[in-house]
């Protein structure tokens, strides 16, 4: 593992990621359909990071985060700040403030609201610059659907796009697109 990555706490996922973890200073998308397991992956990531004395900011736009489930996944809730904005503009602003303060290793932005919004590129590019300066990981958790190939994040904004699906063996996390690390 290099100093420029944030380990997920899931060895099988880290093995697929460039550098052995989530690249610091980047915007990352974690997408999946309903009940795909993206919440489980996010919970494990938050638990792993908080147990390692990291700090996590969580922008809970749909207001569906249930802290006891994070605690049961092993997360330390005393190392987690949850923000529940009432609308998308406030959520974007809250995310940017969390990243700007440079106190959070990871900022999760839950965009699994219906209908899925499509975000404008300008505030996301600004957020990407701020994340790079502060070396924070910003993880957008998105809802994806095969029927509607409408993604909330415009092309070219994220450094890494991960897709979560359920399989007979559990969860599969696949790198769909990357702009960082080796292309293997």
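Residue numbers (my numbering): 229 to 412.
Using N, Cα and C, we set each Cβ at its ideal position, and we do this for glycine too.
As the structure is a computational prediction, the values presented were derived from the model and not from experiment.
Exercise for review: List the residues that DSSP assigns as beta-bridge partners of residue 254.
Suggested key: 365
Review point. Roughly how many whole angstroms lie between the Cα atoms of residue 328 and residue 335?
Key: 11 Å
Check your understanding: Looking at the unbroken beta strand (DSSP E) that takes in residue 330, where does it start and where does it end?
Key -> Taken as a continuous stretch (DSSP letters only), residue 330 belongs to no beta strand (DSSP E), as it is neither H nor E.
Review point. Quick one: what does DSSP say residue 278 is sitting in, helix, strand or coil?
Key: helix
Review point. What are the complete beta strand (DSSP E) segments, minimum 3 residues, inside the segment 295-321?
Key: 308-311
Point to revise | Separation of residue 260 from residue 350, as counted between CA atoms | key: Those two C-alpha atoms are separated by around 25 Å.
Check your understanding: Name the DSSP bridge partner or partners of residue 288?
Key -> 338, per the DSSP bridge assignment.
**Study point:** Contact the segment 296-310 vs the segment 337-349: 3+ CB pairs below 8 Å
**Key:** no
**Study point:** With 16 other Cβ atoms within 10 Å as the buried cut-off, status of residue 270
**Key:** buried
Point to revise | Local Cβ density within 10 Å of residue 392, reported as buried at 16 or more and exposed below that | key: buried
Review point. Among the residues of its own chain, which have a CB less than 7 Å from the CB of residue 249, if the five just before and after it don't count?
Key: 229, 233, 234, 235, 236 and 242
Practice item. Given a cut-off of 9 Å, decide if residue 401 and residue 240 are closer than it, judged by their beta-carbon atoms. Key: yes
**Study point:** Contacts around residue 405, its chain only, beta-carbon distance under 8 Å, and the 5 residues preceding and following it disregarded
**Key:** 386, 388 and 389
Point to revise | Counted within 10 angstroms of its Cβ, other Cβ atoms place residue 254 as buried (16 or more) or exposed | key: buried
Check your understanding: CB-CB under 8 Å to residue 299, same chain, minus the five flanking residues each way: which ones, in chain order?
Key -> Excluding sequence positions up to five before and after residue 299, its CB lies within less than 8 Å of the CB of 305, all in the same chain and listed in chain order.
Review point. Which partner residues of residue 259 appear in the DSSP bridge assignment?
Key: 370 and 391
Check your understanding: If residue 332 and residue 283 are in contact, beta carbons under 8 Å, what's the gap, nearest whole angstrom?
Key -> By a beta-carbon distance limit of 8 Å, residue 332 contacts residue 283. Their separation comes to about 5 Å.
Review point. If you follow the alpha helix (DSSP H) that residue 346 is part of, which residue opens it and which one closes it?
Key: Premise fails: residue 346 is in no alpha helix (DSSP H) and is neither H nor E.
Point to revise | Beta carbon of residue 251 nearer than 9 Å to that of residue 365 | key: yes
**Study point:** Residue range of the unbroken alpha helix (DSSP H) whose run includes residue 207
**Key:** Since the first residue of the chain shown is 229 and the last is 412, residue 207 is not available in this structure.
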